[in-house]
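In the numbering used here, the protein residues as written are 244 to 376. Ideal Cβ positions, reconstructed from N, Cα and C, are used throughout, including at glycine. Shown next, in structure tokens, is the structure this report addresses.
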């Protein structure tokens, strides 16, 4: 049975396993991820027993704008509504905000559109990064 938690406390091993399961390079920095989770305003996680299988993390300005930085689900659990449930938790949490933003990989646009997001017509994400995914 999948359960959901509102927590910022994770072990480096839990985060490393989850992030590498989706092949995100940030998984190679588990100690940094532990600290990052503590600094996010909002974190919801999905668990199968004691196994971390998904999470969503967001930052916000406290009143108008929220930005979903991470949404990831272990590929073994794709198709089981884990990602959609995590997005719904974010939408409920930020229901009074004027904007919830996410930068989606092109291959994930359909998922986010089904969750209520719209692709910007005249905007492009930009980065300065040393991560490769």
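Check                                                                                                                                                                     : Outcome
Name the one or two DSSP bridge partners that residue 313 has.                                                                                                            : 300
Below 6 Å CB to CB, which residues in the same chain sit around residue 290 once its five sequence neighbours on both sides are set aside?                                : 246
Taking Cβ to Cβ, would you say residue 299 is nearer than 8 Å to residue 329?                                                                                             : yes
Per DSSP, what kind of secondary structure is residue 295 in: helix, strand or coil?                                                                                      : strand
Identify whether residue 320 lies in helix, strand or coil by the three-state DSSP scheme.                                                                                : helix
Grab me the residues of residue 374's own chain with a C-beta within less than 7 Å of its C-beta, minus the 5 sequence neighbours each way, in chain order.               : 268 and 269
Taking C-beta to C-beta, are residue 325 and residue 297 nearer than 8 Å?                                                                                                 : yes
Take residue 284 and list the residues in its own chain whose beta-carbon comes closer than 7 Å to its own, dropping the five residues that flank it on each side.        : 301, 302 and 303
From what residue to what residue does the alpha helix (DSSP H) around residue 279 run?                                                                                   : 273-282
Since I believe residue 277 is in contact with residue 315 (beta carbons under 8 Å), could you give me their beta-carbon distance rounded to a whole number of angstroms? : About 16 Å separates the two Cβ atoms, so there is no contact after all.
As a quick exercise: from 368, 334 and 252, pick the residue whose alpha carbon is nearest that of residue 288.                                                           : 252
Between 261, 370 and 256, which has its C-alpha nearest residue 319's C-alpha?                                                                                            : 261
Please state the DSSP three-state secondary structure of residue 248.                                                                                                     : strand
When you compare only the Cα positions, how much space is there between residue 367 and residue 309?                                                                      : 18 Å
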